[in-house]
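The numbers in full-length UniProt numbering rise by one with no breaks, and the one at position 181 of the sequence shown is 181.
Here a beta-carbon is modelled for each residue, glycine too, at the ideal position from N, C-alpha and C.
Worksheet: one structure, shown below.
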Amino acid sequence: MLLRTLSRWFSNPSRKKLPLRLLLVVPFMLQISVAVGLTGWLSIRNGQKAINELAEQLQSEVSNRISQHLNVYLATPHQINQINLDAVELGLLNLSDFKSVGQYFWQQMKVFDVGYISFGNEEGEFIGVERLDNGQLLINEVSNKVQPGKLYIYNTDERGNRTKLIGIKEWDPRSEDWYFQPVKTGKAMWSSVYQWEDKPEVLSISSSYPVYDKKNNKIIGVLSIDHILTQVSDFLDSLNVSKSGKTFILERNGLLVASSRKDRAFTMINGQAQRLKASESSNPMIRLTTDDLLKRFGNLNKIKERKQIAFTKSDGTQQFVQITPFQDKFGLDWLIVVVVPESDFTEQINANTRIAILLSLGAIGLATGLGILTSGWITKPILRLSVASRELAEKAISPDFANKPLLEEVEVNGIAEVDVLAAAFNLMARQLHTSFNTLAKTNEQLEVRVEQRTAALHLSEEKFTLAFRASPHPIIISTMGDGRFIEVNESFLSLTGYELEEIVGRTELELNLWVNPEDRDAMFQLLERERKIRSQEFDFRIKSGEVRTGLLSAEIIKLDEGDCLLAVVNDITERKRIQDVQQERERRIRNQNAVLLELSKNHIPNSVDWQTALREITEAAVNTIDIERASIWLYNDRDSALECIDLFSRSQGTHHKGNKLSPDDYRAYFKALEEARTIATYDAYNDIRTRQLRESYSEESGLTSVLDAAIRLGGKTVGAICLDRVGEVRYWTLEERNFVGSLADLVALALEARDRQRAEEALREKEQYLRLVLDNIPQQVFWKDTDLVFLGCNKNWANYAQIESPEAVIGLTDYDLISSRDIADEFRDQDRKIMENNTPQLHVIATKQKPSADGQTIWLDISKIPIHDSYGNVIGILGVLEDITQRKRAEEALLVEQEKSERLLLNILPEVIAQQLKQNQNKLGKPNGEALIAEQFDDVTILFADIVGFTPLSSRMSPTELVHLLNQIISKFDQLSEKYGLEKIKTIGDAYMVAGGLPMPMANHAEAIAEIALEMQSCITQFQTDKGEPFQIRIGINTGAVVAGVIGTKKFIYDLWGDTVNMASRMESQGIPGGIQVTEATYNRLQDKYILEKRGAISVKGKGDMITYWLTGRGNG
1 MLLRTLSRWF SNPSRKKLPL RLLLVVPFML QISVAVGLTG WLSIRNGQKA
51 INELAEQLQS EVSNRISQHL NVYLATPHQI NQINLDAVEL GLLNLSDFKS
101 VGQYFWQQMK VFDVGYISFG NEEGEFIGVE RLDNGQLLIN EVSNKVQPGK
151 LYIYNTDERG NRTKLIGIKE WDPRSEDWYF QPVKTGKAMW SSVYQWEDKP
201 EVLSISSSYP VYDKKNNKII GVLSIDHILT QVSDFLDSLN VSKSGKTFIL
251 ERNGLLVASS RKDRAFTMIN GQAQRLKASE SSNPMIRLTT DDLLKRFGNL
301 NKIKERKQIA FTKSDGTQQF VQITPFQDKF GLDWLIVVVV PESDFTEQIN
351 ANTRIAILLS LGAIGLATGL GILTSGWITK PILRLSVASR ELAEKAISPD
401 FANKPLLEEV EVNGIAEVDV LAAAFNLMAR QLHTSFNTLA KTNEQLEVRV
451 EQRTAALHLS EEKFTLAFRA SPHPIIISTM GDGRFIEVNE SFLSLTGYEL
501 EEIVGRTELE LNLWVNPEDR DAMFQLLERE RKIRSQEFDF RIKSGEVRTG
551 LLSAEIIKLD EGDCLLAVVN DITERKRIQD VQQERERRIR NQNAVLLELS
601 KNHIPNSVDW QTALREITEA AVNTIDIERA SIWLYNDRDS ALECIDLFSR
651 SQGTHHKGNK LSPDDYRAYF KALEEARTIA TYDAYNDIRT RQLRESYSEE
701 SGLTSVLDAA IRLGGKTVGA ICLDRVGEVR YWTLEERNFV GSLADLVALA
751 LEARDRQRAE EALREKEQYL RLVLDNIPQQ VFWKDTDLVF LGCNKNWANY
801 AQIESPEAVI GLTDYDLISS RDIADEFRDQ DRKIMENNTP QLHVIATKQK
851 PSADGQTIWL DISKIPIHDS YGNVIGILGV LEDITQRKRA EEALLVEQEK
901 SERLLLNILP EVIAQQLKQN QNKLGKPNGE ALIAEQFDDV TILFADIVGF
951 TPLSSRMSPT ELVHLLNQII SKFDQLSEKY GLEKIKTIGD AYMVAGGLPM
1001 PMANHAEAIA EIALEMQSCI TQFQTDKGEP FQIRIGINTG AVVAGVIGTK
1051 KFIYDLWGDT VNMASRMESQ GIPGGIQVTE ATYNRLQDKY ILEKRGAISV
1101 KGKGDMITYW LTGRGNG
């Protein structure tokens, strides 16, 4: 590009000729300069790139160190809170014992470097330990036992004991951000950054954990740790970023959290400390960096990942900035900003740059000297060629050059390229001499070509003339000075009605073409400025005098006459007429809309005077559409006929009513009214929809056209509005149809207003009935607004509240009716939550605050329901209270009896079976004999035990003594069954049956049966016969499947059936006294854990020979 530019510059003949030596030296110097400059530029650019990379690496390392420090530093409060929460849940820390909690927190403050450890509960109580600047620890406490709402501040000794009370102040911890935010969200979180009241230079942040009661998941209070963020500034100050580098931490809202220069993070406004935005910091680097971030991103919330940017200060110094988001799972969302000035890296690089510039200048000077010497050696032979060339040129301009001899040839030695140039010059001289000989012949040929081009130009002019004449658009050519017509085409003559002779040579003003001469002057002024105009609208007059409208496009052209005007006219008269019609149509629409708006402003839809509203509508219709009469018809109460409610006659200026139309007499009209929004006809007598109405339209009235619109309410046709044209036929426009439809809608709105008024009257009657009902029901009823101000109540509630009348409660609050403010606050909190949650509280059983006159508790059934408006918004609360004291006492007595019955039933049947039995009471007494409860158990173990010699004993002891002894033995067995989780099935005489693995399955049922069997053998020896001999028992055990359940309809008992039961009974009956005989199925379950001896094969009734085993004891495993 540069060489091309130089070439054009040197080839310009107007430029002064330059010496060849200069031309040789300058490009050579230019190349050297470009090469040296480019090398220096690349060196500086690479240095700048290295600076950028070094700055980014340094800032990334600093940002990572800050993030790591924050992760460690900010993890401590959460760890302490989790330790304390675990201690509470394990029962190691009793949060209601503030003395021990205070000492516990004091010990933690000795271990952990935090500013405050505290706990606040829902009752407004608080216990916390605070660290002062000098390291002293204070215990702060709010206790309702001492004085509610008062914060007591104590000094402590070296063991954490309270020594001296140093301050008391009003304070409620529940109003603090660290308390109510965790309660609201129900999760652990950070509070917002805040300042200490007495030390605004100290920034802190609180880690808060909500504590819940695990039994009912109710909030107990909040554990909180205050962390001092000033220590973060100390850490930032300790980082060695660079000589002038700075680090600081921002919140997303722009507030300063910490900085490496320990600048003040607050300002005093009206004596109050307020946190400082980074953009308002006294430190220029923080302030300018924050301003650049806000300008660049618009909002700090848009920074989602680490960003590396740079900006330039007003003094021209560039600053490198890195922004790193820092977040944690507890809600922290900060920005770590590291700022390093570019000047901290560029001092050595600038020194190297100066040395590089000096070396480059030296190289350029050396190259200049060598270029001058070389150019002198090259230019000498070229100068000889230049002299010979000038002499040749002087001879070539003479007329007889072709007849003169050539000069001697030029000889040059020393440079091969110049030698070739000399040879070329000698050849050129010979060729030039030869070309002059042929020049005369060439001139003759050129004259012939000129004649041919002239003929072609004449042909082009003929083509332009043909296009000018044949154009469908009017075209004129006139002079610029006086506007005299030079030429016009046929389209212009056809448009204006003139002949060509009447136009050419005359001016526009002479022909009176311009309707407004000032338009002509304005267009010519525009032409003189712009040299052309496009699509300028103007009015012109044709020969007949008719005024038409056109669009003029013109341009100044050069002709023999000088500056002339070439203009094209486009006739838009018809289009303008269409636009005028459209504007008139829009005017009518605006007028109709204005009428509708005026009717709406007059409150016709809400008018109390129904008849006046209808009259305004009919008069508005007649005057707006310019018709003779308008009428409104509505169905009667039986919907049997349309009745004229109002008819306005324009000529008479009067209103009438009373005519009727029956659907049976005018079926076509009523069908059309149902099917279409409007009935528009210009020929009312012959239209199929309206010709049945001829008798209603008197011929003397001259009625011709009808425009009717159906009045619909709730999707049902309730009437019609009718517009009648008298005299000339009227073709109804779409706008007029829409207008009459809108009038019909207004009538519908007025109907709605009338119906609404009637409904309100009916509602007032219902309210009277409702008041009568409310005042005579036994329940107590009241209702409040959203501000918890009473709006009313029934007589029963007023009597209970000791108010003289229901009206007297209006405007009162709970504070006016309840002496205890705490109880009133409790009621109001309950009501407020019901309205906020929009959830009713139904049938809450509670005791009345005051007992009855005889000191008895009064029980109330309380229901509270949110009251809604028609849009579903809560507008108040309704309360219903019922005195259920008598019912409550009856229920309590019934509950006592029921508990006795339950205990008795559970002593007879397993709990699971008892529940099933109660749920299936409808199956009792089924005629098909279906079992009430029956369930298959595939894997259970059955034990039968029988006391040996008990039958002979019964003959030697009295029945009372016998039963007493048997009860002692069986009770001992029952205790063992309960010990091993087994189910006692029944006792038959002195036989005892127990099962494992039902009704609730258990994996170790066989082992549990084995254990009870061994213990039964041991405990039976504690009892003796009348002869002083110990008792013995036989025990049989089997494992398998059974069916268990309850059958029959009387005296229910839980029993087992199946071959497994029979086999267990056989094991007992065929056993030996003091022995425990088990089947092979049971042996397979017990062989690895118990000592069993093989008995061998025995004959079992119904089974044949079977292998059985003796259980003799527990194994070593």
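6 Å Cβ shell around glycine 1115 - same chain, five flanking residues per side excluded: Against the sequence shown, residue 1115 aligns to sequence position 1115. Same-chain partners within the cutoff: Lys1089, Tyr1090 and Ile1091.
What distance in whole Å lies between the Cβ atoms of leucine 982 and alanine 1008, which are believed to be in contact at a cut-off of 8 Å? Stepping through the sequence shown from its first residue, residue 1008 is reached at position 1008. Stepping through the sequence shown from its first residue, residue 982 is reached at position 982. Rounded, the Cβ-Cβ distance is 6 Å, consistent with contact.
Classify tyrosine 1109 as helix, strand or coil using the three-state DSSP reduction. In the sequence shown, the residue the question calls residue 1109 occupies position 1109. Reduced to three states, the DSSP call for tyrosine 1109 is strand.
Quick check on this structure: which residue in Thr839, Gln757, Thr847 and Ser96 has the alpha carbon closest to the alpha carbon of aspartate 861? Within the sequence shown, the letter at position 861 stands for residue 861. Considering only alpha carbons, the answer is Thr847.
State buried or exposed for glycine 925, treating a residue as buried only when at least 16 other CB atoms are found within 10 Å of its CB. The residue given as residue 925 occupies position 925 in the sequence shown. The pLDDT assigned to glycine 925 is 48, lower than 50, so where the model puts this residue is not dependable, and the model offers no usable value.
What does the Cβ neighbour count give for glutamine 579, buried or exposed, with the cut at 16 atoms within 10 Å? The residue you call residue 579 lines up with position 579 of the sequence shown. Looking at its Cβ environment, which holds fewer than 16 other Cβ atoms inside 10 Å, glutamine 579 is exposed.
Which residues in the same chain as threonine 1025 place their Cβ atom closer than 8 Å to its Cβ, once the five residues preceding and following it in sequence are excluded? Within the sequence shown, residue 1025 is the residue found at index 1025, counting from 1. Here the set comprises Gly949, Leu953 and Phe1031.
What are the boundary residues of the beta strand (DSSP E) that alanine 709 is part of? Taking the first residue of the sequence shown as 1, we reach residue 709 at position 709. Counting along the chain, the beta strand (DSSP E) containing alanine 709 begins and ends at 703-713.
Relative to the C-alpha of glutamate 518, which residue among Phe540, Asn1038, Thr1082 and Asp831 is closest? On the sequence shown, position 518 is the one that residue 518 refers to. Residue Phe540 is the option with its Cα nearest to glutamate 518.
Given this structure, state the Cα-to-Cα distance separating methionine 1002 from glycine 996, to the nearest angstrom. Residue numbering aside, residue 1002 sits at position 1002 when the sequence shown is read from its first letter. Residue numbering aside, residue 996 sits at position 996 when the sequence shown is read from its first letter. Going by the C-alpha atoms only, they are around 7 Å apart.
Name the DSSP bridge partner or partners of histidine 868? Indexing the sequence shown from 1 puts residue 868 at position 868. DSSP lists Val874 as partners of histidine 868.
Tell me the DSSP secondary structure of methionine 957 in three-state form. Along the sequence shown, one-based indexing puts residue 957 at 957. Note: methionine 957 maps to coil in three-state DSSP.
Quick one: residues in its chain with C-beta nearer than 6 Å to the C-beta of glycine 362, no 5 flanking neighbours on either side, listed in chain order? The residue given as residue 362 occupies position 362 in the sequence shown. Around glycine 362: no qualifying Cβ.
What is the DSSP secondary structure of lysine 341, counted as helix, strand or coil? Start at 1 with the first residue of the sequence shown, and residue 341 comes out as number 341. A quick correction: the sequence has proline, not lysine, at residue 341. Three-state DSSP puts proline 341 in a strand.
Separation of valine 183 from valine 211, as counted between CA atoms: Position 211 of the sequence shown, counted from the start, is the residue given in the question as residue 211. Position 183 of the sequence shown, counted from the start, is the residue given in the question as residue 183. Computed Cα separation, rounded: 9 Å.
Whole angstroms is fine: what's the gap from alanine 945's alpha carbon to leucine 894's? Numbered from 1 along the sequence shown, position 945 holds the residue referred to as residue 945. Numbered from 1 along the sequence shown, position 894 holds the residue referred to as residue 894. Cα to Cα, alanine 945 sits roughly 41 Å from leucine 894.
Isoleucine 477 and glutamate 487: beta carbons closer than 8 Å? Mapped onto the sequence shown, residue 477 falls at position 477. Mapped onto the sequence shown, residue 487 falls at position 487. In this structure, glutamate 487 lies closer than 8 Å to isoleucine 477 by Cβ.
In or out: glycine 727 buried (at least 16 other Cβ within 10 Å) or exposed? Translated into the one-based positions of the sequence shown, residue 727 becomes position 727. It counts as exposed.
Own chain, CB closer than 8 Å to lysine 187, minus 5 neighbours either side, in chain order: The residue given as residue 187 occupies position 187 in the sequence shown. Answer for lysine 187: Pro210, listed in chain order.
Please identify the residue among Ala808, Leu203 and Tyr152 whose C-alpha is closest to the C-alpha of leucine 250. Taking the sequence shown and counting its residues from 1, one reaches residue 250 at position 250. Considering only alpha carbons, the answer is Leu203.
Proximity to glycine 369 [Cα-Cα], best of Pro1073, Leu749 and Ile32: On the sequence shown, residue 369 is found 369 positions in, with the first residue counted as 1. Cα-wise, what sits closest to glycine 369 is Ile32.
Of the choices Gly167, Ile139, Val146 and Gly149, whose alpha-carbon is the least far from that of aspartate 157? Start at 1 with the first residue of the sequence shown, and residue 157 comes out as number 157. Answer by Cα proximity: Ile139.
Would you list the one or two residues that DSSP bridges to glutamine 195? Counting from one through the sequence shown, the residue named residue 195 turns up at place 195. The partner list for glutamine 195 (beta bridge, DSSP) reads Leu203.
Measuring CB to CB, does leucine 165 end up less than 8 Å from tyrosine 154? Stepping through the sequence shown from its first residue, residue 165 is reached at position 165. Stepping through the sequence shown from its first residue, residue 154 is reached at position 154. Yes, the pair counts as a contact, with Cβ atoms nearer than the cut-off.
Just how far apart, CA to CA, sit residue 1136 and methionine 480? No answer is possible for residue 1136: it lies beyond the span of the chain, which begins at 1 and ends at 1117.
Check whether the region 849-866 touches the region 876-890, taking contact to mean three or more Cβ pairs, one atom from each stretch, closer than 8 Å. yes
Buried or exposed for residue 1168, please, with buried defined as at least 16 other CB atoms from any protein chain shown within 10 angstroms of its CB. Residue 1168 is absent from the structure shown; the chain starts at 1 and stops at 1117.
Select from Tyr635, Asp626 and Lys671 the residue whose C-alpha is nearest the C-alpha of aspartate 724. If you number the sequence shown from 1, residue 724 lands on position 724. The shortest C-alpha separation from aspartate 724 is found at Asp626.
Assuming contact is defined by CB atoms lying nearer than 8 Å, are cysteine 722 and serine 651 in contact in what I supplied? On the sequence shown, position 722 is the one that residue 722 refers to. On the sequence shown, position 651 is the one that residue 651 refers to. Not in contact: cysteine 722 and serine 651 (Cβ atoms no closer than 8 Å).
Specify the secondary structure class of histidine 69 as computed by DSSP and reduced to three states. In the sequence shown, the residue the question calls residue 69 occupies position 69. Correct three-state label for histidine 69: helix.
Alpha carbon to alpha carbon, what distance is there between serine 208 and alanine 258? For this step, residue 258 is matched to residue 258 along the sequence shown. For this step, residue 208 is matched to residue 208 along the sequence shown. If you take the alpha carbons of alanine 258 and serine 208, they lie about 21 Å apart.
Rounded C-beta distance between aspartate 226 and valine 114? I'm assuming under 8 Å. The residue given as residue 226 occupies position 226 in the sequence shown. The residue given as residue 114 occupies position 114 in the sequence shown. Confirmed, about 7 Å.
Three-way DSSP call (helix, strand, coil) for leucine 256 in this model: Locating residue 256 in the sequence shown gives position 256, counting from the first residue. Strand at leucine 256.
What three-state label does DSSP hand arginine 548 in the structure shown? As a position in the sequence shown, residue 548 is number 548, starting the count at 1. Residue state, collapsed to three classes: strand.
Contact check, isoleucine 933 vs glycine 1045, beta carbons under 8 Å: The residue given as residue 933 occupies position 933 in the sequence shown. The residue given as residue 1045 occupies position 1045 in the sequence shown. Cβ distance < 8 Å, so isoleucine 933 and glycine 1045 count as in contact.
Does the Cβ-Cβ distance between valine 241 and valine 340 come in under 8 Å? Along the sequence shown, one-based indexing puts residue 241 at 241. Along the sequence shown, one-based indexing puts residue 340 at 340. Taking 8 Å as the Cβ cut-off, valine 241 and valine 340 qualify as a contacting pair.
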